[in-house]
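Heads up: the structure comes next, in structure tokens.
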């Protein structure tokens, strides 16, 4: 099940393995309206996907089985336009300005750009594989899969193919590339730089590379892990991510147990964070800190300028590793995973603020834009939970007193919860 907050945080759209998406009031949990799917698919359980436009005024939807896509009013549920022309699963992606919609059809091997106001088809780009496409930050270019071993950059205005980057095997999945075989230099991840001028890729040959998006020229090659044998490294994973300002690159390998920060211009190695095998890494919103999670069950927060380990905390472990993400203001971290437990941590002292259990598993809890709530879904039972993201134990106590408790805490209870005496 997918859960998406509106940009303002007042609404949530959910979609799962059914024929509809639903819009909810994020404060009350009231269902505002149902977004209907493709009637021709009644009797089949196929996923509908709903995404808010950048301003939150519209919702774009598409059906896994093909058929038409829709754009609805994000407040009334009224259908504004529909668009048709794909077969097979496709995901709608809004342009940064919100005036166009990008879809990629899995079965018809094409990407299409649509006018949001009219539903008019503006461009068709053939020879595309998979069902994922991504806009550049300025909306001028589009990134898609090509034929096996290709990633293609297109001009959004004309639909012209600008550049084809060839690797042995590349396949973008949810904006990230995944290895589909153990052939040398298979692309594992790919991401635009914040200014849209470069592409950062990582491969199972143990390297991360920066390419110019105009020429495709390789600008930098970072040797993340020289011990990786690309001919037999299907299980190897290289993580590469730009810093928020685009001046640094963070890499990590699940083989050598180190995360490294590099200068994005010179390729100079700036910092190395030695720990156990890293599974997840993330920059803080301001780029001043890093959080890493390793398979030893520890999360660690680092000073991104000095490499100093600021604190460590015992995050949940699972077969797939946790989902880990900073709150919008950088004060807290949420972790979640297959174990059916979500935890919120104080990023300043590593203290656990909130722990919530749920049935099934979810890999992607989502912060509200103001950081006051977290939405999480379980994939097995179709439930969606909206959880207050308390910033302190005292906030949790105040909430409990308001909803449930009828007495003040005793001095012993305050001491037990680490609260100062009254």
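In this note's numbering, the protein residues as written are 98 to 519. Glycine residues also receive a C-beta, built at the ideal position from the N, C-alpha and C atoms.
How far does the alpha helix (DSSP H) with residue i in it extend, from its first residue to its last?
{"i": "residue 511", "result": "508-513"}
With H, G and I counted as helix, E and B as strand and the rest as coil, what does DSSP make of residue i?
{"i": "residue 495", "result": "helix"}
{"i": "residue 278", "result": "The predicted position of residue 278 is uncertain, since its pLDDT is 30 and thus under 50; no value can be drawn from it."}
{"i": "residue 350", "result": "strand"}
{"i": "residue 223", "result": "strand"}
{"i": "residue 271", "result": "Confidence in residue 271 is poor, its pLDDT being 38 and thus under 50, which makes the residue's placement unreliable; the coordinate value appears in the next sentence. Coil, per DSSP."}
{"i": "residue 101", "result": "strand"}
{"i": "residue 486", "result": "coil"}
{"i": "residue 154", "result": "coil"}
{"i": "residue 142", "result": "Because residue 142 carries a pLDDT of 43, less than 50, the predicted location of this residue cannot be relied on, and the following value inherits that uncertainty. Of the three classes helix, strand and coil, the one that applies to residue 142 here is coil, per DSSP."}
{"i": "residue 205", "result": "coil"}
{"i": "residue 241", "result": "strand"}
{"i": "residue 132", "result": "strand"}
{"i": "residue 383", "result": "coil"}
{"i": "residue 409", "result": "strand"}
{"i": "residue 516", "result": "coil"}
{"i": "residue 254", "result": "coil"}
{"i": "residue 363", "result": "coil"}
{"i": "residue 122", "result": "strand"}
{"i": "residue 404", "result": "coil"}
{"i": "residue 286", "result": "strand"}
{"i": "residue 392", "result": "coil"}
{"i": "residue 127", "result": "coil"}
{"i": "residue 377", "result": "strand"}
For residue i, report the span of its beta strand (DSSP E) as first-last.
{"i": "residue 166", "result": "166-170"}
{"i": "residue 529", "result": "The structure shown has nothing for residue 529, since the chain only spans 98 to 519."}
{"i": "residue 318", "result": "315-320"}
{"i": "residue 258", "result": "258-263"}
{"i": "residue 213", "result": "That residue, residue 213, is in no beta strand (DSSP E); it is neither H nor E in DSSP."}
{"i": "residue 439", "result": "438-443"}
{"i": "residue 237", "result": "Counting along the chain, residue 237 falls outside any beta strand (DSSP E), and DSSP gives it neither H nor E."}
{"i": "residue 366", "result": "366-371"}
{"i": "residue 71", "result": "What the structure shows of the chain is the stretch from 98 to 519, and residue 71 is not part of that stretch, so it cannot be assessed."}
{"i": "residue 400", "result": "395-400"}
{"i": "residue 468", "result": "Per DSSP, residue 468 belongs to no beta strand (DSSP E) and is neither H nor E."}
{"i": "residue 422", "result": "420-423"}
{"i": "residue 173", "result": "Run containing residue 173: none; DSSP gives neither H nor E here."}
{"i": "residue 300", "result": "295-300"}
{"i": "residue 202", "result": "197-202"}
{"i": "residue 343", "result": "Residue 343 -> no beta strand (DSSP E), and no H or E assigned at all."}
{"i": "residue 360", "result": "355-360"}
{"i": "residue 433", "result": "429-433"}
{"i": "residue 448", "result": "Where residue 448 is concerned, there is no enclosing beta strand (DSSP E), given that its DSSP letter is neither H nor E."}
{"i": "residue 192", "result": "From DSSP, residue 192 is part of no beta strand (DSSP E); its letter is neither H nor E."}
{"i": "residue 111", "result": "108-112"}
How would you call residue i, buried or exposed, if buried means at least 16 neighbouring beta carbons within 10 angstroms?
{"i": "residue 446", "result": "exposed"}
{"i": "residue 220", "result": "buried"}
{"i": "residue 405", "result": "exposed"}
{"i": "residue 213", "result": "buried"}
{"i": "residue 365", "result": "exposed"}
{"i": "residue 147", "result": "buried"}
{"i": "residue 207", "result": "buried"}
{"i": "residue 168", "result": "buried"}
{"i": "residue 243", "result": "buried"}
{"i": "residue 462", "result": "buried"}
{"i": "residue 514", "result": "exposed"}
{"i": "residue 131", "result": "exposed"}
{"i": "residue 253", "result": "buried"}
{"i": "residue 301", "result": "buried"}
{"i": "residue 311", "result": "exposed"}
{"i": "residue 328", "result": "Only weak support exists for where residue 328 lies, its pLDDT of 47 falling under 50; the value from the coordinates is given anyway. By the 10 Å Cβ count, residue 328 comes out exposed."}
{"i": "residue 369", "result": "exposed"}
{"i": "residue 257", "result": "exposed"}
{"i": "residue 288", "result": "buried"}
{"i": "residue 318", "result": "exposed"}
{"i": "residue 126", "result": "exposed"}
{"i": "residue 119", "result": "buried"}
{"i": "residue 255", "result": "exposed"}
{"i": "residue 392", "result": "exposed"}
Stretch pair the stretch 376-393 + the stretch 339-353: three plus CB contacts closer than 8 Å: yes
contact_flag[the stretch 165-181, the stretch 219-239] where n(CB pairs < 8 Å) is 3 or more: no
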